[in-house]
């Protein structure tokens with residue numbers, strides 16, 4: 001079965017309709033993905049979609065940012081439903097750029113104990 005590449009929406013309104021159509025087509029069937037969204041909108045890749053959003057700015061950029069957040073939320077909810085913290089962490093790190101936080105080095109800590117009178121004990 002050969003799939004035809006969809007045409008890119010030409011207006012912000014058509015783009016919004018195509019985004020909503022993609023998200024609705026995923027409901028109950030499969031998880032939405034950023035590459036899937038890009039392909040559904042007529043782009044070759046997620047990177048091409050991101051470059052397009054950056055170049056367009058304004059309403060188009062906001063719409064695509066909202067769609068990406070929706071995809072991220074659906075992915076997180078699916079990972080959480082499986083009750084696997086490691087799966088959720090993996091998805092966040094690989095697909096959405098989250099990383100491990102390292103605690104800042106505070107250096108040596110000095111503790112000074114004082115008695116109730118305000119003097120040193």
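Numbering (the UniProt record's numbering), first residue to last: 1 to 121. Every residue gets a Cβ at the ideal spot worked out from N, C-alpha and C, and that includes glycine.
Quick check on the burial criterion: 16 or more other C-beta atoms within 10 angstroms. Buried or exposed for residue i?
i	result
residue 85	exposed
residue 108	exposed
residue 94	exposed
Return the chain-ordered list of same chain residues with a C-beta closer than 7 angstroms to the C-beta of residue i, the five sequence neighbours on each side being excluded.
i	result
residue 68	34
Measuring straight from C-alpha to C-alpha, what distance separates residue i and residue j?
i	j	result
residue 70	residue 44	21 angstroms
residue 14	residue 101	40 angstroms
residue 60	residue 72	18 angstroms
Do residue i and residue j have their CB atoms nearer than 9 angstroms?
i	j	result
residue 92	residue 12	no
residue 41	residue 18	yes
residue 31	residue 78	yes
Going along the chain, which residues of its own chain have a beta-carbon closer than 6 angstroms to the beta-carbon of residue i, five neighbours each way excluded?
i	result
residue 112	none
Please go through the same chain and pick out, in chain order, the residues whose beta-carbon is closer than 8 angstroms to the beta-carbon of residue i, but skip the five residues on each side of it.
i	result
residue 49	34, 37, 38, 41, 43, 64
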